[in-house]
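What follows is a set of notes on a single structure, which appears directly below.
Rendered as structure tokens:
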């Protein structure tokens, strides 16, 4: 895993880009990496977007497409219909991956939803050929909930519409065993509390970022305080620290934690996309892990995040 300034992107990407994948969003962060990647002239680009959410996502998808004029295709996904999303991702990638000339694939994971990123990983794991390289890029946020100045008032989402198993990560369930929910906890206090209260899990672990492996100290301190408040409120909550910036370290920590547990394991990623990649890697290796996703009732679309100058890079090794 490497981190570098956004203006150093060209220096850290040594290979030519045959296929670039990114996702439109209401966040300005959806433009940060693509604006640099267009200078490298990828042979082909797929811009994914949610067609059933905020209208700005469709507008921004058109802007992203214009950055790669003539070599780009938009792929519609659905926030509410995960089967439609899986089918769209599979169909588009099957066509692209069938091209024997596609060797180096670059993915800007910054503004995919957690569920869509996990589905994308599952599809790639099914379609990838041995000679293909997969590289993840992530633009960290310099600040979250920028329309709220007080740390206690900061929020990203509120409420929960529903929770579902992520397609491709069904896990292995034994009805004779107790259920253990592991939440990779972030800023989303309201949604996390709803999940804890609504689901009757025998055991719950709240995993939060290690200070040395957090995106920023400010984010770490806010998350630590909110994490402790949950531990104080709910008696059946255990603690776990994980990396938020190194997917392979996150994977190792989760596998070490759950391997010897004689329980049904459900993991719900709600922090950085890098840690979500780690969750996906763990579940792809350990079949008993099931991954869940909760769809928020409301998003802080007016002040969700502010881009930083930092980009993280991780290679997906098979």
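Numbering (my numbering), first residue to last: 1227 to 1544. The C-beta atom is built at its ideal place from N, Cα and C for all residues, glycine as well.
Sequence-distant residues of its chain with Cβ nearer than 7 Å to residue i (five each side left out)
i            : result
residue 1482 : none
residue 1251 : 1283, 1286, 1337
residue 1513 : 1398
residue 1266 : 1236, 1239, 1243
residue 1279 : 1305
residue 1535 : 1231, 1232
Presumed contact (8 Å Cβ cut-off) between residue i and residue j, rounded CB distance
i            : j            : result
residue 1369 : residue 1258 : Incorrect: roughly 14 Å between the Cβ atoms, too far for contact.
residue 1363 : residue 1392 : So it is not a contact: roughly 22 Å between Cβ atoms.
residue 1524 : residue 1418 : About 15 Å separates the two Cβ atoms, so there is no contact after all.
residue 1244 : residue 1345 : At roughly 22 Å, the Cβ-Cβ gap does not stay under 8 Å, so residue 1244 and residue 1345 are not in contact.
residue 1246 : residue 1263 : 6 Å
residue 1271 : residue 1298 : 4 Å
residue 1389 : residue 1421 : 7 Å
residue 1459 : residue 1433 : In fact, because the Cβ distance is near 17 Å, the residues do not count as touching under 8 Å.
residue 1351 : residue 1480 : The pair is not a contact, with the Cβ atoms about 17 Å apart (cut-off 8 Å).
residue 1521 : residue 1343 : No, residue 1521 and residue 1343 are not in contact; Cβ-Cβ is about 15 Å, not under 8 Å.
residue 1303 : residue 1277 : 7 Å
residue 1478 : residue 1367 : In fact, because the Cβ distance is near 25 Å, the residues do not count as touching under 8 Å.
Spatial neighbours of residue i in its chain, beta-carbon cut-off 6 Å, leaving aside the 5 residues before and after
i            : result
residue 1457 : 1463
residue 1372 : 1529, 1532
residue 1427 : 1405, 1407
residue 1308 : 1393
residue 1290 : 1250, 1260, 1273
residue 1360 : 1331, 1542
8 Å Cβ cutoff met for residue i and residue j
i            : j            : result
residue 1386 : residue 1493 : no
residue 1517 : residue 1505 : yes
residue 1489 : residue 1429 : yes
residue 1381 : residue 1413 : yes
residue 1239 : residue 1260 : no
residue 1242 : residue 1330 : yes
residue 1332 : residue 1396 : no
residue 1353 : residue 1323 : yes
residue 1515 : residue 1540 : no
Any C-beta of chain C under 8 Å from that of residue i
i            : result
residue 1515 : Among the chains of the structure shown, chain C does not appear; only one protein chain is present.
Exposure of residue i, with buried meaning 16 or more beta-carbon neighbours within 10 Å
i            : result
residue 1485 : exposed
residue 1376 : exposed
residue 1562 : Missing from the structure shown is residue 1562; the chain here goes from 1227 to 1544 and no further.
residue 1312 : buried
residue 1341 : buried
residue 1228 : exposed
residue 1401 : exposed
residue 1274 : buried
residue 1317 : exposed
residue 1495 : buried
residue 1348 : buried
residue 1527 : exposed
residue 1295 : exposed
residue 1447 : exposed
residue 1461 : exposed
residue 1519 : buried
Proximal residues to residue i (C-beta, below 8 Å), its chain only, five neighbours per side dropped
i            : result
residue 1374 : 1380, 1381, 1529
residue 1576 : Any answer about residue 1576 is impossible in this case: the structure gives the chain only from 1227 up to 1544.
Q: Scan the stretch 1391-1477 and note each continuous beta strand (DSSP E) run of 3 residues or more that stays entirely inside, going in chain order.
A: 1405-1410, 1429-1435, 1463-1468
Q | Every unbroken alpha helix (DSSP H) within the stretch 1336-1388, with a cutoff of 4 residues, ordered by chain | A | 1340-1353
**Q.** 3-residue-minimum beta strand (DSSP E) runs that sit fully inside the stretch 1269-1296, ordered along the chain
**A.** 1270-1276
Q.
Which complete alpha helix (DSSP H) runs does the stretch 1470-1534 hold, if anything under 4 residues is left out?
A. 1473-1484, 1499-1511
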